[in-house]
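Residues 67 to 208, numbered by my numbering, are exactly what the sequence shown covers, in order.
Ideal placement from N, C-alpha and C gives every residue a C-beta, glycine not left out.
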Amino acid sequence: MQRRCDRNRKRSKRRAIYCPIHSCYLDSVSQKYPIFADQPGQLQQRGISRRNALMLVASQTAVLIEGEWLEAFWCDKCQQTKWYHVQKFGDRTYKLSLAPQELWQQVTGVIHPHGNPSVGEFTRRQSRVMSYNSIKDFEFVS
Ligand SMILES: [Zn+2]
Numbered sequence: 067m068q069r070r071c072d073r074n075r076k077r078s079k080r081r082a083i084y085c086p087i088h089s090c091y092l093d094s095v096s097q098k099y100p101i102f103a104d105q106p107g108q109l110q111q112r113g114i115s116r117r118n119a120l121m122l123v124a125s126q127t128a129v130l131i132e133g134e135w136l137e138a139f140w141c142d143k144c145q146q147t148k149w150y151h152v153q154k155f156g157d158r159t160y161k162l163s164l165a166p167q168e169l170w171q172q173v174t175g176v177i178h179p180h181g182n183p184s185v186g187e188f189t190r191r192q193s194r195v196m197s198y199n200s201i202k203d204f205e206f207v208s
């Protein structure tokens with residue numbers, strides 16, 4: 067018998083998140099870290115119009131990006147923990163990509179695995195994130 071990827075038996079509750087290399091289930095080993103946008107370009111990449119993106123950033127400084135987060139997963143076959151940028155599409159569809167460097171700057175409260183962003187940077191962001199609204203809440207305000 068082949069060794070199975072899923073060691074524990076909590077199958078029912080498992081999210082359909084697989085290792086992009088091995089296509090086996092991944093074990094989550096962290097909480098979800100929300101991603102915030104503080105530049106119009108980051109919102110435009112996600113389908114917000116330039117005008118709305120400018121308005122959002124101007125009014126909120128940090129905008130929660132819904133359906134995306136950073137999370138660390140352990141893969142049995144990789145035999146290591148990796149940080150992924152997770153995007154959720156619909157109910158049970160997830161897309162994983164290795165978290166790119168610049169994304170860490172859009173996350174609050176995460177210790178970068180390579181110790182990169184400075185503490186000062188995080189503190190500054192933490193204080194700016196105090197009043198954010200989600201894109202969804204804002205979208206239909208004219
Ligand atoms: Zn793997």
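Consult DSSP for residue i and reduce its assignment to one of helix, strand or coil.
i           : result
residue 133 : strand
residue 152 : strand
residue 106 : helix
residue 145 : coil
At what residues does the beta strand (DSSP E) containing residue i begin and finish?
i           : result
residue 166 : Neither: residue 166 is in no beta strand (DSSP E) and is coded neither H nor E.
For the putative contact between residue i and residue j, defined by C-beta atoms under 8 Å, what is the C-beta separation to the nearest angstrom?
i           : j           : result
residue 108 : residue 172 : 7 Å
residue 83  : residue 162 : 7 Å
residue 152 : residue 134 : 7 Å
Excluding the five sequence neighbours on either side, which residues of its own chain have a C-beta within less than 6 Å of the C-beta of residue i, listed in chain order?
i           : result
residue 216 : Coverage of the chain is limited to positions 67 through 208, which leaves residue 216 absent and any answer about it impossible.
residue 86  : 162
residue 92  : 83, 85, 139 and 141
Along the chain, where does the alpha helix (DSSP H) that runs through residue i open and close?
i           : result
residue 124 : 116 to 126
Using a Cβ-Cβ cutoff of less than 7 Å, which residues in the same chain neighbour residue i once the five nearest sequence positions on both sides are dropped?
i           : result
residue 81  : 160
residue 101 : 131, 134, 135, 136, 169, 172 and 173
residue 119 : 106, 109 and 110
residue 66  : For residue 66 there is no data in the structure shown, the boundaries of the chain being 67 and 208.
residue 143 : 71, 85, 88 and 90
residue 165 : 136, 149, 150 and 151
residue 145 : none
Apart from the five residues on each side of it in sequence, which residues of its chain come closer than 8 Å, Cβ to Cβ, to residue i?
i           : result
residue 116 : 106 and 110
residue 95  : 138, 139, 140 and 147
| query | Who sits around ligand 1, taking every residue whose Cβ is closer than 6 Å to one of its heavy atoms? | reply | Environment of ligand 1, chain-ordered: 85, 87, 88, 141, 143 and 144, taking every residue with Cβ within less than 6 Å of a heavy atom.
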